[in-house]
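Asks:
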Amino acid sequence: MSFIEFQDVKKIYKMGEVEIPALAGVTFSIEKGEFVVIAGASGAGKSTILNLLGGMDICSSGMILVDGEEVSKMDAKALTTYRRYDIGFVFQFYNLVQNLTAKENVELATQISRNPLNIDETIEAVGLKARANNFPSQLSGGEQQRVAIARALAKNPKLLLCDEPTGALDYKTGKAILKLLQDTCHIHNMTVVVITHNLALCAMGDKVIKVKSGLIDSIEINENPTPVESIEW
Ligand SMILES: Nc1ncnc2c1ncn2[C@@H]1O[C@H](COP(=O)(O)OP(=O)(O)O)[C@@H](O)[C@H]1O
Ligand SMILES: [Mg+2]
81 MSFIEFQDVK KIYKMGEVEI PALAGVTFSI EKGEFVVIAG ASGAGKSTIL
131 NLLGGMDICS SGMILVDGEE VSKMDAKALT TYRRYDIGFV FQFYNLVQNL
181 TAKENVELAT QISRNPLNID ETIEAVGLKA RANNFPSQLS GGEQQRVAIA
231 RALAKNPKLL LCDEPTGALD YKTGKAILKL LQDTCHIHNM TVVVITHNLA
281 LCAMGDKVIK VKSGLIDSIE INENPTPVES IEW
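Numbering (our numbering), first residue to last: 81 to 313.
This is the structure in structure tokens:
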């Protein structure tokens, strides 16, 4: 049994009379400490997979197991606990609290964790020590995304989920953020799932899951993933 099992997962969104099959039967597994890239065109179903993994949405059928727990069977209360304690989420547009400093944003997240990491050490690890007392509006996009990553990491989650985390960043900054995620995964044995629509980035994953029209297109394991700094796109 792998750390994460997704078995024949389907998700159908109902919009009035119309049914939209976002996932049409998706099966994959993820090992603990793996750096996983989920790639595919816009509308393929990538965010739906991540939202189901993160307990932010529930599947229509199939089974989702994370660390021995059946997420697909959880009720609303169990899902809240799961999201709170087990999941770190990084979004494309950072989603920071604007009237809290970088450090306060990280602190806020640790308050809903049972076993948080040290706040100052986490902020230092993402390279933001000098900016800890700045508000989000005083930080660049890349710095704000670092705060968002620190916030997710400081909870010490079982699983770090990132939905297009570099989508709002320029090339160089995006690369630095991806390097931070890849290094975090390998140094701390953290399980990290990163969504991208950029196929060039597949080389950085320990495992690459390609999604097409709500189905798995391919699953590849890279024995020697490329360090982000050596990938050009
Ligand atoms: N909340 C929703 N309600 C209705 N349809 C949705 C919803 N979320 C996603 N979809 C549809 O499901 C499909 C997959 O979406 P998504 O997982 O967001 O794709 P991706 O992240 O790969 O761009 C798309 O056709 C999208 O329009
Ligand atoms: Mg998406």
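Think of the CB as a built atom: it goes at the ideal place given N, C-alpha and C, for glycine as much as any other residue. Quantities reported herein were computed from a predicted structural model and do not represent experimental measurements.
#1: Measuring straight from C-alpha to C-alpha, what distance separates Lys-252 and Gly-96?
#2: Under 7 angstroms from any heavy atom of ligand 1, does the C-beta of Met-95 make it?
#3: Using only the alpha-carbon positions, how far apart do Thr-161 and Glu-111 sit?
#4: Closest by CA to Ala-212, which one among Pro-196, Ala-182 and Ile-118?
#5: For Asp-206, name the three-state secondary structure that DSSP assigns.
#6: Can you list, in chain order, the residues of its chain with a C-beta nearer than 7 angstroms to that of Ile-167? Leave out the 5 residues immediately preceding and following it.
#7: Go to Glu-223, then tell me how far its beta strand (DSSP E) extends in each direction, as first and last residue.
#8: Under 7 angstroms: does the beta carbon of Ala-124 sit that close to some heavy atom of ligand 1?
#9: Considering only C-alpha positions, which residue in the set Tyr-165, Glu-150, Thr-306 and Leu-295 is nearest to Lys-287?
#10: Please name the residue or residues paired with Ala-104 in a DSSP beta bridge.
#11: Where do the ends of the beta strand (DSSP E) carrying Ile-275 lie?
#12: Taking only the alpha-carbon atoms, compute the straight-line gap between Ala-121 and Asn-304 and give it to the nearest angstrom.
Replies: So, from the data block:
#1: 43 angstroms
#2: yes
#3: 22 angstroms
#4: Ala-182
#5: Per the sequence shown, the amino acid found at residue 206 is Val instead of Asp. Reduced to three states, the DSSP call for Val-206 is coil.
#6: Gly-134, Gly-135, Pro-237, Leu-239 and Leu-241
#7: Per DSSP, Glu-223 belongs to no beta strand (DSSP E); it is in the alpha helix (DSSP H), 221–234.
#8: yes
#9: Thr-306
#10: Lys-90
#11: 271–276
#12: 25 angstroms
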